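Structure record follows, encoded as structure tokens.
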Amino acid sequence: MKQSENTKIETQFIQGGKNPKNQDGYVNPPVQRGSTILFERAEDLYNDDLRSYGLEGSVTHDNLTDLLSQTMGGAGCVLTPSGLNAITLVLLATLKSGDHILVSDSIYGPNRRFCDLVLKGFGIETTYYPPRIGDNIEEYIKPNTKLIFLESPGSLTLEIQDVPAIVKVAQKHNIITAIDDTWSAGVFMQPLKIGVDISIQALTKYQGGHSDVLLGSVVCKDIALHNKMVAMHKNLGLGVSAEEVWLCLRGIRSMMLRIKHQDMAARKLAQYMQTRPEITQVIHPALEDSEDYAIWSRDFTGAGGLFSVYLKPELSDKVNAMLNAYQIFSMGFSWGGFESLVIDCTPQLRRNFPNKEQKGALVRYAIGLENIDDLITDLERGFEALKA
Ligand SMILES: *Cc1c(COP(=O)(O)O)cnc(C)c1O
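Each residue of the sequence shown is one higher than the last, beginning at 582 in our numbering.
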């Protein structure tokens, strides 16, 4: 598609990732299933410039990888069967036995589990760093540190990291940086444009947007690193079905509209939560009294529709009653879909640097597309249940 360099991101999500010439003129690609690809000439069988097998993707996949590379400013994109698999692909492609990795203490739980169980078994050492460390991360660097893995804001506790400061230190020491940027959907923050080498998305969340797809992506800033991802992807035998890709493409076209609404709604609900005596702290970096507000407003142009709250310690043993009273907020893991979700995250919280002041239950809300007043009424139902 013809495109000018400086179209805005909303327009890029509509114009990008299309290849009608290759798909009979249709705007959207076919769901190109398949393992075998046929060749007309024996000379082409081992031509590395041609796609030769189903694991290498299809025209369907190309639409999505082109769109993601373009909107994130990357050199290339690989798709993985889940967001978690995008994370593990990056770890396996960049590390080897004897290496050391720095990982944010606020990292997505299954990422931590992979570091603690799998990487450790391979002789790769992980050190967790406090997410708000900034350029003091230099003190954690060892001679064998190969990768710094960031997530900003962090999972569950949503601390914002000073990404440019950490990147600067990493570049000085020749260390690769990777970020799990799922919360901002690769749009509200543009990690590759502020120097991060690798941007990871759980496309399962906002891009899919309808809770019917599991998919991940890895977009690299430079082609050498991208080729490393492609090679490990091939060595691991990873492949993604064209159905999943097609559903994600369908979702992603309306993503900007959805996430802007979810951002606005989440901020309103977070502000409402701040007025409630049952809550000791609302964790949302776009609230002006958040300790992360300064860095958030410097590096982000919007916010994901996900925030957490600490319940008063004396009410925390009733957290299940609050959750069970909701009629609109459903209980479920994951987020980014059309419906509002809630979980008590306290049982899954693992931190080397816990927030000592906060002892109450930690509850996470993912805001969907319902009417905002209805959602507030539902939150009130939960608070009523705490009185019983
Ligand atoms: C959900 C999530 C993932 C994993 O995505 P899946 O597709 O569910 O494997 C990774 N990182 C973050 C921050 C997530 O919220």
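Using N, Cα and C, we set each Cβ at its ideal position, and we do this for glycine too.
Since the structure is predicted, the reported quantities are computational estimates derived from the model, not experimental observations.
I need the straight-line Cα distance from residue i to residue j, nearest angstrom please.
| i | j | result |
| --- | --- | --- |
| Glu637 | Asp743 | 36 Å |
| Gly820 | Thr958 | 44 Å |
| Leu626 | Tyr907 | 59 Å |
| Ser633 | Leu922 | 42 Å |
| Tyr607 | Gln613 | 14 Å |
| Tyr946 | Arg622 | 56 Å |
| Phe594 | Ile833 | 7 Å |
| Met582 | Leu739 | Note that Met582 has pLDDT 48, beneath the 50 cutoff, so the model's placement of it is unreliable and the number below is only indicative. Cα to Cα, the separation comes out at about 37 Å. |
| Pro724 | Gln771 | 29 Å |
| Asp716 | Val748 | 9 Å |
| Pro935 | Gln862 | 15 Å |
| Arg713 | Leu773 | 20 Å |
| Tyr891 | Gln939 | 7 Å |
| Ile909 | Arg839 | 18 Å |
| Val811 | Lys968 | 55 Å |
From what residue to what residue does the alpha helix (DSSP H) around residue i run?
| i | result |
| --- | --- |
| Gly749 | One detail in the question is off: residue 749 reads as Lys in this sequence, not Gly. From DSSP, the alpha helix (DSSP H) with Lys749 extends over 744-753. |
| Cys829 | 823-833 |
| Thr927 | No alpha helix (DSSP H) contains Thr927, which DSSP labels as neither H nor E. |
| Val900 | 900-906 |
| Gln596 | 590-596 |
| Thr646 | 640-653 |
Which first and last residues belong to the beta strand (DSSP E) in which residue i is found?
| i | result |
| --- | --- |
| Leu670 | Not the beta strand (DSSP E): Leu670 falls in the alpha helix (DSSP H), residues 664-675. |
| His681 | 681-685 |
| Phe888 | 887-892 |
| Ser678 | Element bounds for Ser678: n/a, residue is neither H nor E. |
| Gly690 | Looking at the DSSP string, Gly690 is not in any beta strand (DSSP E); the run it does join, the alpha helix (DSSP H), is 690-694. |
| Ile804 | Note, Ile804: premise wrong, no beta strand (DSSP E); alpha helix (DSSP H) at 804-817. |
| Asp561 | The first residue shown for the chain is 582 and the last is 969, placing residue 561 beyond what the model contains. |
| Ile579 | The requested residue 579 does not occur in the structure, where the chain is confined to residues 582 to 969. |
At a cut-off of 7 Å, is residue i close to ligand 1 when judged by its beta-carbon and the heavy atoms of the ligand?
| i | result |
| --- | --- |
| Asp925 | no |
| Leu795 | yes |
| Leu673 | no |
| Glu825 | no |
| Glu740 | no |
| Ala847 | no |
| Gly664 | yes |
| Ile714 | no |
| Tyr689 | yes |
| Ala785 | A small fix is needed here, since residue 785 is Thr in this sequence, not Ala. Checking every heavy atom of ligand 1 against the Cβ of Thr785, one is found closer than 7 Å. |
| Glu1047 | Because residue 1047 is not part of the residues shown, which for the chain are 582 to 969, the question remains open. |
| Ser616 | no |
Could you tell me whether the Cβ atoms of residue i and residue j are closer together than 8 Å?
| i | j | result |
| --- | --- | --- |
| Ser815 | Glu859 | Rather than Ser, the amino acid found at residue 815 in this sequence is Lys. No, Cβ-Cβ distance for Lys815 and Glu859 is not below 8 Å. |
| Ile948 | Gln855 | no |
| Gly564 | Met903 | As displayed, the chain neither begins before 582 nor continues past 969, which places residue 564 out of reach and without an answer. |
| Leu850 | Val794 | no |
| Leu796 | Leu672 | no |
| Thr641 | Ala783 | no |
| Asp680 | Ile718 | no |
| Leu737 | Leu930 | yes |
| Ile688 | Glu624 | no |
| Gly664 | Trp764 | no |
| Leu648 | Gly690 | no |
Indicate the three-state DSSP secondary structure (helix, strand or coil) for residue i in the structure shown.
| i | result |
| --- | --- |
| Gly932 | Sequence inspection shows Arg at residue 932; the Gly mentioned does not correspond to that position. Coil at Arg932, not helix or strand. |
| Ala969 | coil |
| Ile948 | coil |
| Thr856 | coil |
| Ile722 | coil |
| Glu706 | strand |
Quick one: does residue i have its CB under 8 Å from some CB of chain D?
| i | result |
| --- | --- |
| Leu817 | The displayed structure is made up of one protein chain only, and chain D is not part of it. |
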